[in-house]
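From first to last, the protein sequence lines stand for chains A and B.
For the first sequence, the working numbering assigns the number 927 to the initial residue and increments by one for each residue that follows.
For the second sequence, the working numbering assigns the number 13 to the initial residue and increments by one for each residue that follows.
Encoded as structure tokens, the structure appears first; notes follow it.
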Amino acid sequence: MRLDLLAALNAERAARRPCVLVTDLAAGTQRLVHAHEIAADPLAGALENQIHLGKSGLVHQDGRDWFLSVQIPPSRLIAIGAVHISQALAPIAKLIDLDIVIVDPRTAFASLERFPDVPLIAEWPEVALPPLGLDRFTAMVALCHDPRIDDPALAAALASECFYIGALGSRKTHAKRLERLRGQGFGDAELAKIHAPIGLDIGAVSPAEIAVSIIGELVSARRQKPLRAAAEVAA
Amino acid sequence: MLTSEDDILLTAQAWKQAGRQVAIATVVETWGSAPRPVGSHLVIDEGGSFLGSVSGGCVEGEVVTEAQDVIEDGKPRMLEFGVADETAWRAGFSCGGRIKVYVERVD
């Protein structure tokens, strides 16, 4: 592998842009295909398929074996609310290679004492979210219980490609939330993307248990695999 | 500490830029219950230091040894390990899987 290709690949990863390193295994030659170059590439179909799967793989085409090393950005979790549940989410996220960022304009909550090792942005979502860039490798959970903070964050997530959106609150709270978001012009199909009540239905009570149920739901969204029970009902 | 794939490719770049001779090993194909997915990397230097894994520890020793030849002559190599293979058995790859590993030098 040429060092300049390796450096370019690492730069794409740092910028959270997907790319694929294509190796002709017989010849040993390589090229780096950037996200915007995929459609025009001779291997476009295979490249798109592997990126969609989020997996590297070997393909046989035009009488040659090509290895597609797929680089997709690490999944990221933006937690709105420097609350107790977020304190439990942070270490679990780290274990499953999920980059967590916590956003909360209330400085009493968003303090280094409460979150010593976690990227923390003590700003309103309107300020904090645009520079983060909500892409399809990003998940968002709204945990504030305060519509002034949660609503604008959810609106931004709904307008993006976030792979998972969850919002804390009872069915009643969520019904009111949906009403407010409808008032902002969101349709039912969009609003259905919000997982609420948040998390898998495992009877979670403590903040740490709720964090586990949220992470479980998020992993299932990330792996794009329906729950076994849901799949059986569908079949 | 668990190292993510990110760290491994960044390490490969950093080692090379620091003047070390570097090879990258990549799992390109798996059959059966292979412990590491396709695309997993191992970075190796000329002194035999390595980071990452291609098999969860079973065949890393063999890969690191082969990588020395790749670093020496610059020719990529395709290695295959599996239970049917005497070398892999010796290396402890007894979980029933088979893997193909592509080893290349960073130039």
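The beta-carbon is built from N, C-alpha and C at its ideal position, and this holds for glycine as well.
Test item: CB-CB of residue i and residue j under 8 Å
{"i": "V1029 (chain A)", "j": "A1065 (chain A)", "result": "no"}
{"i": "A1005 (chain A)", "j": "I1026 (chain A)", "result": "yes"}
{"i": "Q25 (chain B)", "j": "L984 (chain A)", "result": "no"}
{"i": "V66 (chain B)", "j": "A30 (chain B)", "result": "no"}
{"i": "L1094 (chain A)", "j": "L1107 (chain A)", "result": "no"}
{"i": "A35 (chain B)", "j": "I83 (chain B)", "result": "yes"}
{"i": "G51 (chain B)", "j": "S1132 (chain A)", "result": "no"}
{"i": "K28 (chain B)", "j": "V113 (chain B)", "result": "no"}
{"i": "P914 (chain A)", "j": "P1031 (chain A)", "result": "Outside the shown range of chain A, which is 927 to 1161, sits residue 914 (chain A), and nothing can be said about it."}
{"i": "L911 (chain A)", "j": "A934 (chain A)", "result": "Here chain A covers residues 927 to 1161 and nothing more, so residue 911 (chain A) does not appear."}
{"i": "V55 (chain B)", "j": "I20 (chain B)", "result": "yes"}
{"i": "S1096 (chain A)", "j": "P1123 (chain A)", "result": "yes"}
{"i": "L951 (chain A)", "j": "D991 (chain A)", "result": "yes"}
{"i": "F993 (chain A)", "j": "T949 (chain A)", "result": "yes"}
{"i": "L1060 (chain A)", "j": "A1082 (chain A)", "result": "yes"}
{"i": "I1136 (chain A)", "j": "I1018 (chain A)", "result": "no"}
{"i": "G73 (chain B)", "j": "R48 (chain B)", "result": "no"}
{"i": "G1092 (chain A)", "j": "E1143 (chain A)", "result": "yes"}
Minimum Cβ-Cβ distance from residue i to chain D less than 8 Å
{"i": "Q25 (chain B)", "result": "Considering every chain present, this structure includes no chain D. Its protein chains are A and B."}
Distance cut-off 7 Å: residue i Cβ against heavy atoms of the ligand MN
{"i": "I1141 (chain A)", "result": "Judged by which ligands are present, the structure shown has none, so any question about the ligand MN falls away."}
Where residue i falls: helix, strand or coil (DSSP)
{"i": "L1046 (chain A)", "result": "strand"}
{"i": "T1033 (chain A)", "result": "coil"}
{"i": "R32 (chain B)", "result": "coil"}
{"i": "K1020 (chain A)", "result": "helix"}
{"i": "D1025 (chain A)", "result": "strand"}
{"i": "H1071 (chain A)", "result": "coil"}
{"i": "D119 (chain B)", "result": "coil"}
{"i": "A941 (chain A)", "result": "coil"}
{"i": "D1061 (chain A)", "result": "coil"}
{"i": "L1055 (chain A)", "result": "helix"}
{"i": "L931 (chain A)", "result": "helix"}
{"i": "L21 (chain B)", "result": "helix"}
{"i": "M13 (chain B)", "result": "Bear in mind that a pLDDT of 35 at M13 (chain B), under 50, signals an unreliable position, so the model cannot answer this."}
{"i": "L1080 (chain A)", "result": "helix"}
{"i": "A961 (chain A)", "result": "helix"}
{"i": "A953 (chain A)", "result": "coil"}
{"i": "L947 (chain A)", "result": "strand"}
Option in the options with minimal Cα separation from residue i
{"i": "H53 (chain B)", "options": "B:G69, B:Q80 and B:G64", "result": "B:G64"}
{"i": "C1088 (chain A)", "options": "A:I1011, A:V1067, A:G1007 and A:L929", "result": "A:V1067"}
{"i": "S45 (chain B)", "options": "B:G94, B:V115 and B:E116", "result": "B:G94"}
{"i": "E58 (chain B)", "options": "B:V76, B:W43 and B:E72", "result": "B:V76"}
{"i": "T955 (chain A)", "options": "A:L947, A:K1102 and A:A961", "result": "A:L947"}
{"i": "A1014 (chain A)", "options": "A:A1130, A:M927 and A:Q1110", "result": "A:A1130"}
{"i": "S1086 (chain A)", "options": "A:P1073, A:R1062, A:R1040 and A:P1078", "result": "A:R1062"}
{"i": "Q997 (chain A)", "options": "A:T1033, A:A1016, A:H1100 and A:L979", "result": "A:L979"}
{"i": "L1069 (chain A)", "options": "A:A940, A:E963, A:I1011 and A:A1134", "result": "A:I1011"}
{"i": "H1071 (chain A)", "options": "A:K1020, A:Y1090, A:A1083 and A:T1099", "result": "A:T1099"}
{"i": "P1051 (chain A)", "options": "A:V1138, A:A1036, A:G989 and A:D1076", "result": "A:D1076"}
{"i": "D85 (chain B)", "options": "B:V39, B:E116 and B:P49", "result": "B:E116"}
{"i": "G1111 (chain A)", "options": "A:A1137, A:L1084, A:Y1090 and A:G1092", "result": "A:L1084"}
{"i": "V1009 (chain A)", "options": "A:A1036, A:P1017, A:A965 and A:I977", "result": "A:A1036"}
{"i": "R1149 (chain A)", "options": "A:D967, A:I1047 and A:S1001", "result": "A:S1001"}
{"i": "M90 (chain B)", "options": "B:V40, B:P47, B:R48 and B:G109", "result": "B:V40"}
{"i": "G989 (chain A)", "options": "A:K981, A:L969 and A:S1139", "result": "A:L969"}
{"i": "P1073 (chain A)", "options": "A:E1105, A:P1045, A:G1113 and A:A937", "result": "A:E1105"}
{"i": "E1049 (chain A)", "options": "A:L1058, A:E1039 and A:P1042", "result": "A:L1058"}
{"i": "S61 (chain B)", "options": "B:L22, B:K87, B:R32 and B:E92", "result": "B:R32"}
Q. What are the residues of the segment 961-987 of chain A that lie near chain B, defined by any Cβ-Cβ distance shorter than 7 Å?
A. Taking 7 Å as the upper bound on Cβ-Cβ separation, chain B lies near residues K981, S982, G983 and L984 of the segment 961-987 of chain A.
Q. In the segment 48-96 of chain B, which residue ranges form an unbroken beta strand (DSSP E) of at least 3 residues, counting only runs that do not cross its ends?
A. Runs of the beta strand (DSSP E) inside the segment 48-96 of chain B: 53-57, 62-64 and 89-94.
Q. Which ranges would you report for the beta strand (DSSP E) in the segment 1084-1157 of chain A if only whole runs of at least 3 residues count?
A. For the segment 1084-1157 of chain A, whole beta strand (DSSP E) runs of length 3 or above, ordered along the chain, are 1090-1093.
(Q) If we require 4 or more residues per run, which alpha helix (DSSP H) segments fall completely within the segment 964-1014 of chain A? (A) 970-979
Q. Given a limit of 7 Å on CB to CB distance, which residues of the segment 63-86 of chain B reach chain A?
A. If you check each beta-carbon in the segment 63-86 of chain B against every beta-carbon of chain A, none falls closer than 7 Å.
Q | Interface residues of the segment 990-1007 of chain A facing chain B [CB-CB below 7 Å] | A | F993, S995, V996 and P1000
Q | Chain-ordered residues of the segment 939-957 of chain A with a beta carbon less than 8 Å from chain B | A | R939, T949, L951 and G954
Q. At a Cβ cut of 7 Å, what residues of the segment 1068-1090 of chain A count as close to chain B, listed as they run along the chain?
A. none
Q | Interface residues of the segment 47-60 of chain B facing chain A [CB-CB below 9 Å] | A | P49, V50, G51, S52 and H53
Q. If contact means a Cβ-Cβ distance below 8 Å, which residues of the segment 1022-1043 of chain A contact chain B?
A. D1023
**Q.** Against chain A: residues of the segment 26-46 of chain B by CB proximity under 7 Å
**A.** Those residues of the segment 26-46 of chain B that come within reach of chain A (Cβ to Cβ, closer than 7 Å) are K28, I36, T38, V40 and E41.
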